[in-house]
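The structure appears below as structure tokens.
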Amino acid sequence: MDQIDQILGNSDGWLDESEANSFSELVVSSRNWTDSFSGGCCAFDYSSMSVLDPLTYLSIPRKSDLQTELEGNGGGRRVEIDWSSDGRTLRLIDLPRVGALIEEVPLRVSLPEDWEFKYSPMSEIITGSPGAFFVDRSQAPVAYDIRITIDRNMPPILSATSFPQISSTISLAKSSSFSATCTDNPLENPRIEWTISRSGTTISSFENDWISVKPSDLNFTHGDVMSVNATCIDFHGAVSHWNDNPTVDGIPPDWSGKFSVDGIEGEVIENGSQTPILAPAGSLIRFEVNASDDSSLPVLLELYTNVSEGWRQTGLNQQTFEFTANQGKGSMAPIWE
């Protein structure tokens, strides 16, 4: 609008009625308004569109009106155009940008209900929603046609992960995090909704990219199935889903072990025992552990000792640990899933 004010007006920073009329007369007289592309509007799949009713007057919004138009509440003059095409879905819209004054007029593109913006090399000058967007050609960095790809709307792409990684169970007393990403076109900002449910009844819901859940805080108990569902919703209302249904595990694994010092067997150590193991320096300590869990999942065994800093061994379900007591006496053997 500044260019119109400077070239055809008095350069006062505003468009008055006289300046707008002068611009309209210039455009109508200098353009072929029976052809959409030569008229400064657009081409569809490399072909111009035909104007059904020739334009005789071009309405130019003032700056205050332009903002209203950007927000989708403005009126403005319209012209009907017609075109024919084949059965393809991926389409191209070309908007001329060669430096003509008419191209300083922003264009609003409104697509049919089930169509959406997909891509443009000049996405930075395109704003709005996927189905109705605004192209400010005056901000184009180069004098070249602005190409826009459109297509029928497709559901957004949703992917989700959990931490810790969940297989078939989830800890009752520990927090687990779920995060999701939802992608669509560059003008889209899909929202992600989460629901936590039990036996078909929603227990809690969230609207965020990620959630942190402790089943015990939501009154789940051992053996319950906790359904976690993420839903991504795009501008057109199309949805994509992700869900997981882990069983809540609130019972720790059982384990027992027996140890020997230089081949001499000691007492059996049961789950939860805090019995110290006393051995002379230089002794070889051997610890045989068996573990199980009612979920039938593998149990991770991990042994570390205060005799040698940083010493650590691991195993699954059944493991024999060996180490030499070189620096002192005593050991600690915590075991968990």
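Here the sequence shown is numbered in the working numbering, starting from 852 and rising by one per residue. Glycine included, every Cβ here is placed at the ideal spot set by N, Cα and C.
query                                                                                                                                                             : result
Taking the alpha carbon of E1039 as the reference point, which residue from G982, I976, F1057 and P1015 has its own alpha carbon closest?                         : G982
Hey, how far is the Cα of D1105 from the Cα of Y1155?                                                                                                             : 18 Å
Look at the Cβ atom of E955, then the Cβ atom of R948, and state whether they are nearer than 7 Å.                                                                : no
Please report the distance separating the alpha-carbon of D1035 from that of T1000.                                                                               : 14 Å
Give the secondary structure of Q1164 by DSSP, where H, G and I count as helix, E and B as strand, and everything else as coil.                                   : strand
Output needed for N1094: all residues of its chain with C-beta closer than 8 Å, excluding positions within five of it in sequence on either side, in chain order. : S1078, V1079, N1080 and A1081
Sorted by chain position, which residues of the same chain lie with C-beta nearer than 7 Å to I1017's C-beta, five sequence neighbours on each side aside?        : S1027, D1095 and P1097
So who's on the other strand from V986, going by DSSP bridges?                                                                                                    : L958 and I977
Going by beta carbon distance, what residues of the same chain come within less than 8 Å of S1067, once the five residues before and after it are set aside?      : L1023, A1024 and G1101
Helix, strand or coil, according to DSSP, for D1095 in the structure here?                                                                                        : strand
Got a sec, what are the start and stop residues for the beta strand (DSSP E) F1029 sits in?                                                                       : S1027 to T1034
Examine the Cβ distances between the segment 1051-1060 and the segment 966-975 and report whether three or more of them are shorter than 8 Å.                     : no
Could you compute how far the alpha carbon of S1146 sits from the alpha carbon of T1020?                                                                          : 8 Å
If we ignore side chains and look at the alpha-carbon of each, how far apart do M900 and P1007 end up?                                                            : 31 Å
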